[in-house]
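In our numbering, the protein residues as written are 57 to 486.
Printed below as a string of structure tokens:
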């Protein structure tokens, strides 16, 4: 039987069962990858640049966001803590890991979920041609807050019906050339909000929501749909004006989602992963489940792309066993698997894709529950580099070119609240 190190460690974006454990315990992409041009892939290593932040709990599981604002690096780290205590905050750092500013969550609202995954997006000034992003995060003060990323000045507030668990999304939902803020709270309410705080539309979802809403032209017919995955195993697509376009049902609580056009039809697919171990692709036009396959429990899915340069899209997923899967986007069949860790772990976050080696080719960056950060070749699953720290990880890495050199850096939030900045160095030249 798997040992639970502590109740707070069970707080992840996983199933209700793990969340209940916490409540009951009283816790308030050198050279192109092989297969692309036949060249040999150089050796790489993950190098630690800095670490920052800390927490009184071991179960932090919300990811950082990073980017550049006015040419300056910004890294925003959500940190949770114990109810009734200080320590919960949104910690905003510069490119050297030094504190720019921090937004403290008061002790009465301090919990492991105090600050959800933040986002950097231009919401307030987009309609006027301003391309400068703001920093947004939902908190246990039952609100989504917007800040100036460099100064910490609060610029926006929208009150939620409950605390926000997921990343706010900025997109022109209704097609009027004005950006909206799309946000869910954990109680299952979806809101589409204007920069002045007025509500375009709001819909009850009648279930918990652990994955961020997706906004895209899913049906490939003009206009954008808002699609959400829910804890009751339902995915719902809303039209730009808030009508229901379709619903779909899968096995188990939807805990991670991604999206992309993974097959040869025009529609964009919603990819879902569930706590029961199902990974599925849902047609964005009809809501039909195009394919579904079962891995081990606590499945997680990341953004799809053509990782082996064969002209077909792969879907990259992980599960409780520490296994990483490359699945055919068209059929869900396994193309390869890689063991990320042999340790006894509780879950595995989804991999993320980006150019961390600076060669113009996408890499996979995977994290493991036992503290590993890995560079994985998306073509065949070869593990090219690994960084380890003696602390758990419950969320995916964040990739961003914060120093403006054209190569993305890697940022990882560990369960103990420590943010680690890594770069991928090649040991041979192309």
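Glycine included, C-beta positions come from ideal geometry on N, C-alpha and C.
Taking the C-alpha atoms as reference points, what is the distance between residue i and residue j?
i: residue 471; j: residue 219; result: 20 angstroms
i: residue 288; j: residue 99; result: 44 angstroms
i: residue 92; j: residue 456; result: Note that residue 92 scores 34 on pLDDT, short of 50, meaning its location in the model is unreliable and no value can be drawn from it.
i: residue 86; j: residue 180; result: Note that residue 86 scores a pLDDT of 26, beneath 50, so its modelled location is shaky; the value from the coordinates is reported in the next line. Going from the Cα of residue 86 to the Cα of residue 180 covers about 39 angstroms.
i: residue 276; j: residue 349; result: 25 angstroms
i: residue 130; j: residue 461; result: 15 angstroms
i: residue 3; j: residue 439; result: Nothing can be reported for residue 3, as the shown portion of the chain is limited to 57 through 486.
i: residue 279; j: residue 154; result: 42 angstroms
i: residue 249; j: residue 257; result: 7 angstroms
i: residue 172; j: residue 341; result: 30 angstroms
i: residue 361; j: residue 318; result: 8 angstroms
i: residue 434; j: residue 164; result: 44 angstroms
i: residue 442; j: residue 102; result: 6 angstroms
i: residue 479; j: residue 120; result: 16 angstroms
i: residue 134; j: residue 146; result: 5 angstroms
i: residue 273; j: residue 345; result: 18 angstroms
i: residue 159; j: residue 115; result: 20 angstroms
i: residue 383; j: residue 364; result: 12 angstroms
i: residue 175; j: residue 118; result: 12 angstroms
i: residue 357; j: residue 395; result: 16 angstroms
i: residue 427; j: residue 378; result: 12 angstroms
i: residue 414; j: residue 122; result: 17 angstroms
i: residue 315; j: residue 212; result: 28 angstroms
i: residue 168; j: residue 338; result: 32 angstroms
i: residue 149; j: residue 449; result: 20 angstroms
i: residue 235; j: residue 284; result: 19 angstroms
Quick check on the DSSP output: the beta strand (DSSP E) that includes residue i runs from which residue to which?
i: residue 422; result: 419–423
i: residue 372; result: 370–374
i: residue 429; result: 428–432
i: residue 313; result: 310–316
i: residue 188; result: Premise fails: residue 188 is in no beta strand (DSSP E) and is neither H nor E.
i: residue 387; result: Residue 387 -> no beta strand (DSSP E), and no H or E assigned at all.
i: residue 306; result: Neither: residue 306 is in no beta strand (DSSP E) and is coded neither H nor E.
i: residue 177; result: 175–177
List the residues that DSSP assigns as beta-bridge partners of residue i.
i: residue 213; result: 201
i: residue 354; result: Residue 354 pairs with nothing; no bridge assigned.
i: residue 455; result: 466
i: residue 164; result: None, per the DSSP bridge assignment.
i: residue 26; result: Residue 26 falls outside the range modelled here, since the chain spans only 57 to 486, and no answer is possible.
i: residue 481; result: 101
i: residue 379; result: 395
i: residue 194; result: 200
i: residue 225; result: 238
i: residue 342; result: Looking at the DSSP assignment, residue 342 forms no beta bridge with any residue, so it has no partner.
i: residue 439; result: 432
i: residue 300; result: 294
i: residue 448; result: In DSSP, residue 448 forms no bridge with anything.
i: residue 410; result: 419
i: residue 475; result: 108, 469
i: residue 171; result: 195
Drop a sphere of 10 angstroms on the beta-carbon of residue i, count the other beta-carbons inside from all chains shown, and report buried for 16 or more, exposed for fewer.
i: residue 162; result: exposed
i: residue 233; result: exposed
i: residue 186; result: exposed
i: residue 194; result: buried
i: residue 300; result: exposed
i: residue 111; result: buried
i: residue 205; result: buried
i: residue 398; result: exposed
i: residue 210; result: exposed
i: residue 388; result: buried
i: residue 126; result: exposed
i: residue 469; result: buried
i: residue 140; result: exposed
i: residue 297; result: exposed
i: residue 255; result: exposed
i: residue 83; result: Residue placement at residue 83 is flagged as unreliable, the pLDDT there being 30, under the threshold of 50; a coordinate-derived value is accordingly withheld.
i: residue 444; result: exposed
i: residue 57; result: Below a pLDDT of 50, predicted positions are generally treated as unreliable, and residue 57, at 27, falls in that range; the measurement from the model is reported next regardless. Counting Cβ neighbours within 10 Å, residue 57 comes out exposed, since fewer than 16 surround it.
i: residue 65; result: The predicted position of residue 65 is uncertain, since its pLDDT is 30 and thus under 50; a value taken from the coordinates is nonetheless stated next. Answer is buried; the Cβ neighbour count reaches 16.
i: residue 252; result: exposed
i: residue 425; result: buried
i: residue 223; result: buried
i: residue 207; result: exposed
Length at least 4, wholly inside the region 104–161: the alpha helix (DSSP H) runs in chain order: Within the region 104–161, no alpha helix (DSSP H) run of at least 4 residues lies entirely inside it.
What beta strand (DSSP E) runs, 3 residues minimum, are completely inside the region 229–294? As for any beta strand (DSSP E) of minimum length 3 sitting wholly inside the region 229–294, the runs are 236–241, 245–249, 255–260, 270–272, 281–285, 290–294, ordered along the chain.
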